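Residue numbers (the numbering used here), protein chains in the order written: chain A, 682 to 1080; chain B, 18 to 390; chain C, -6 to 386; chain D, 3 to 249. Read the structure below first, then the notes.
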């Protein structure tokens, strides 16, 4: 892809619109045909979509049930806890964008996203207020990060490390009982986007180390460990996620000693984690295979132990190589969490189904599903955008 | 070398296509029939025999220790079990759970609703994941025996009906010859439909759906000529179809559908508690005790049965393992049957269903409570 | 020597790498076994408590439920086994249709992504970004409720050119019905197949001898087509008659009727998978370096030859492995049929599970079924890959 | 016992499957000795040098390094590895770590030094190999010669008693070979025990105490550079030397 720097700037660089159009739209007769067909299709699709969104669709069902879509049956008076950790996350995102995003002009736009959301969607006054606070928090985080990037690096990383426990702890409650300050909120009340988010985050956090271990196991010199890893990976990858979720819901209770019960949400989390780990293992293995043998030998020759070699030399390089693939896998996991609706959990899709059973909103499938599709799309796209930023920052993906 | 596999693959595909065309009309193999017969015997012999999983009083003890009741409910049936926009469960089945919690704890909020799918409801009950199943479940012999549950007294008498568009001209089930019927899977409804149609000799195509929403959405879009489910469901669903007036419910009852709560085999105390909570709701209506006047009644009641029921006399509640005022709590906190019914299925709701069989025996219905003595 | 041996055995076992390796494995294997045994024991105890013993004999029982679609005659008197088999065949038909169409659409998308035409390129990119970030479950539900059930009712059926009838009961397409001469025709087709194979091997021998690369596959196909067409016209009675779909009473009749559930599932899967296949194809084509094309042109091969002999084989090598996993994904994703009411193997098994309460048996049966698809495919693919892979040091 | 050899190799054999790569190699290395090993490619010289820190396992015979026998004892292997430094043909620097991080990693993790001490010593070493200004760069930003010098510094940071060089200049452009050889020469003169597989005969002539000629998995001939260059005994040595010295 190396381009030769011309001695004189080529004349065509100053092409006008017409020339551009001739080159890119009407290069030949079939090119022109394709252009016209494409343009017509675009017009048709966009105009009918716009007509439906603006005139036909009845969006009241979304407005009235916004709370259900977002947090399910989570008690409203405890919702401040969710806003709290959301603020914490946004603050970290702001910090990270400032430190690692190196002045990307999209950073600020991204941080203003909550404010956009607040007005683009029919939220109540309370959530709107919180969303604005979030946007401000993100900007403050960004400002602080920009002011002292080097000093903050460590604490931001520490912040990310503790973020999952913080999220889980705040969501489930600080005290063991259902009274007192920040009381316990049972998982059956977690729902909507909140549940989808938690399933995703927990799935990612736990499947990642398991996946790395499985990948290492698959490349182990110990045959039994290797066989086990291969068997696990191939078995899990060979079956649909939905069957694993069914197994987790219907069979897991059977596998446990009598008297042990596992929370249904936890069961789904276990199922998703075990499923995702097998896929991650294969991705990580790809990275491991790309590391030259000399790296192992050099580490060994320096006297590093097997574990030290893996932790300091091999994994950092291997994981960096596969970041784009890993993020792709995480996005897939996020989208796949919707399958828990089929086993009766109130995730975004499950909530959509129960909302559609409300007597006053029967028959509004298209509105409801369009809305949750939008949520899925925005979040997935956001994840892949962030990963592209990360790739650029870490210098991978450019060949 | 490589291309030889492509040609082999093409050969294989052709072979498949040819065999597929060739098997357009396979003769039914006679041996399948005999096979079926032999196994029927086998199935009955290997039918799961449910051993008593719990002993007397175990469930109540567990519930008391836990501090709340776990109630398996539906989350997708308007009027019976769904989540309203405030995130609260609502419906007649849901209110029964609240009544039970009121009877046990004197607090109708001490109940955890666990939405269960049709597929997992019995497993969930057997495995102890839920204490009671209150999810529009039809009482049948098989469920009473093989599935290891006991049905508490029926809380809603239903019957399977058939709804068709008015302009279709269909008046009887026979008119559905060659038509398509929308039905929900995994339910007795699906089996009843097959039974009734087979006995009438009507051929039809079922369009089977995983949940009620999909079933009625499909019907509303004209995917089927008719839709079948419990009549209550038909009535409530009709009210929210785009053009309710254009749909009629055929005057046939394809089955009896007594819907009621279900508990596990083996804990008779728990069964009694669940049972008498239902009767407390019935008797409340019979004696005219409502949540509004229950305190006055308790202060002024003279009729011995009312006094016994409200815990002023005797120790009926203690006999159940509860407090004496359990029925008072039920009515005070949840209301009597009429209140519960009207709240969820009454004339002021979008899901209005006339009382019909679900009236007191004094009004010609089937609601009849044994005496509180 | 003796001294050495003595010293070697003197290594404490916790420091001997050989023993450590074996020990590590034994500990690992024991852990796995213990966990496995615990699970098995708990399961046995749990099942015993419910009075159920593991057995598949219940599958011979009468199912008692109807299926909307089945490749063979199936009714409520059929056994659970037959229900399962019907589901399996339904899965296969969705799988085959899905693979064929998603490949076609995927290749188009992949090429469109590389197109220099601005609008085509952007449309393809937009489509890709749109689809890849949606949940498949929601996508399928949308196709079912939002598209196929919104087609006109039977009495307002729309007829497209080619006698395709569109209704929300299903889409009817013309279909061939075998006539009396069909068995003969089948024999002729078999003969054509043999001729094609002969042509194929003859051309390959020729290619080996002369080192040229004739269009082996094309000629074999032509040979087959020639025999088939000749047979069609030579037979006194045509082997197939065309059967059109028409509206009969409340429903469609005749021809081949594709149910909305099947169409929603298949088209949803196709449109979803095609986006991923498009990326695979694009990456494959781009992976062939410009130098290869230049070298090939410098050698005097024309552009068609370059494409056929240089670019295509190399791109294929990159495309095949990820393409296979996309195919597998498609088959596994077809289990979401449960959301649109298409009786695939997962859906039917779930119904059987509901009716019999046999969770362990049915779930393991379903998993085994999908596993077999996967293993079979990977075995085939590994074999194929082994054949085409570059010999590298 | 000042003459106790630091490396004792007795009758070492190694097979790769059926291929007999080392056929009974025996030799002793004295402290502060500089040995150059040379021979045609595939002669087993690299394999041999790699058995000395257990990158390859020998199947028969005995290797004793600094009084520690090379066996299956993991502790012995660890000890030997920390006593020996190794420099590879392909440098094998860790591309995700800076030059400084490359050097301090092992001292901190294995020797348990403080970061401060490790970095001080690393800077001294970088000065010794002549590239102190590159400490914060990544290996990918350095030339081959610089990378190899970092690799040498990295090995030296563990303060080994023995340095093994496995064709350290083979992957370098001619103009960079000298800068690496200069570092090696300086190292040799400082009294380090060195075993180097190399075909740099100028280096051998200048600093080697002994040269060993390998062919077909065994030692064919050994002697001082003087002996080897001026009066090789074996025909094979003569032939090989004539081939590599011709150009």
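By construction, the Cβ of each residue, glycine as well, lies at the ideal position given by its N, Cα and C atoms. None of these values were measured; they are calculated from a predicted model.
For residue 161 (chain C), the chain B residues whose C-beta falls within less than 8 Å of its own C-beta are 238, 239 and 240, listed in chain order.
At a cut-off of 8 Å between C-beta atoms, residue 1047 (chain A) does not count as an interface residue with respect to chain B. Between residue 175 (chain B) and chain A, the shortest Cβ-Cβ separation is not below 8 Å.
A direct Cα-Cα distance of roughly 13 Å separates residue 234 (chain D) from residue 212 (chain D). Taking 8 Å as the threshold, the shortest C-beta distance from residue 367 (chain C) to chain A falls below it.
Only those residues of the stretch 275 to 293 of chain B whose C-beta falls short of 9 Å from the nearest C-beta of chain C would be listed, and there are none. Contact holds between the stretch 980 to 991 of chain A and the stretch 108 to 127 of chain D, because three or more Cβ pairs, one in each stretch, are under 8 Å apart. Beta-bridge annotation (DSSP): residue 281 (chain B) is paired with B:166. It is roughly 22 Å from the alpha-carbon of residue 721 (chain A) to the alpha-carbon of residue 99 (chain C).
Residue C:77 holds the alpha-carbon nearest to the alpha-carbon of residue 336 (chain C) among C:77, C:173 and C:14. DSSP places residue 266 (chain B) in the strand class (E or B) of the three-state scheme.
Residue pairing of residue 74 (chain D) in beta bridges, as defined by DSSP: absent, with no partner found. Here residue 55 (chain C) carries a strand assignment [DSSP, helix/strand/coil]. At the C-beta level, residue 264 (chain C) and residue 157 (chain C) stay beyond 8 Å of one another. DSSP lists no bridge partner for residue 194 (chain D). One Cα belongs to residue 284 (chain C), the other to residue 309 (chain C), and the distance between them is close to 17 Å. Cβ neighbours of residue 773 (chain A) within its own chain (closer than 8 Å, five residues either side excluded): 822, 837, 840, 841 and 844. Around the Cβ of residue 33 (chain C), a 10 Å sphere holds fewer than 16 other Cβ atoms; the residue is exposed.
Nearest C-alpha to residue 96 (chain C) among C:367, C:329 and C:260: C:260. By the neighbour-count definition (other C-beta atoms within 10 Å, threshold 16), residue 1033 (chain A) is a buried residue. The C-beta distance from residue 80 (chain B) to residue 98 (chain B) rounds to 20 Å, too long to fall under 8 Å, and the pair is not in contact. Of all residues in the stretch 993 to 1013 of chain A, the ones placed with a Cβ closer than 9 Å to any Cβ belonging to chain D are 993, 994, 997, 998 and 1001, in chain order. Residue contact check for residue 853 (chain A) against chain B: no CB pair falls below 8 Å. Between residue 290 (chain C) and residue 278 (chain C), the alpha-carbon positions lie close to 17 Å from each other.
Counting along the chain, no alpha helix (DSSP H) covers residue 336 (chain C), and no H or E run does either.
Counting only runs of 4 or more residues that sit fully inside the stretch 850 to 907 of chain A, the alpha helix (DSSP H) segments are 873 to 899, in chain order.
When Cβ-Cβ separations below 8 Å define contact, residue 17 (chain C) makes contact with chain A. In the three-state DSSP reduction, residue 224 (chain D) falls in the strand class (E or B). At least one CB atom of chain A sits nearer than 8 Å to the CB of residue 132 (chain B). Within the stretch 344 to 357 of chain C, the residues whose Cβ lies closer than 8 Å to some Cβ of chain B are 344, 346, 347, 348, 350 and 352, listed in chain order. In this structure, the straight-line span from the alpha carbon of residue 1067 (chain A) to that of residue 888 (chain A) is close to 20 Å. In the structure shown, residue 113 (chain D) adopts coil according to DSSP, grouped into three states.
For residue 268 (chain B), the closest of B:211, B:196 and B:190 by C-alpha to C-alpha distance is B:190. Rounded to the nearest whole angstrom, the CA to CA distance from residue 185 (chain B) to residue 707 (chain A) is 54 Å. DSSP lists B:132 as the beta-bridge partner residues of residue 90 (chain B). Cβ atoms of residue 817 (chain A) and residue 1048 (chain A) stay farther apart than 8 Å, at about 32 Å.
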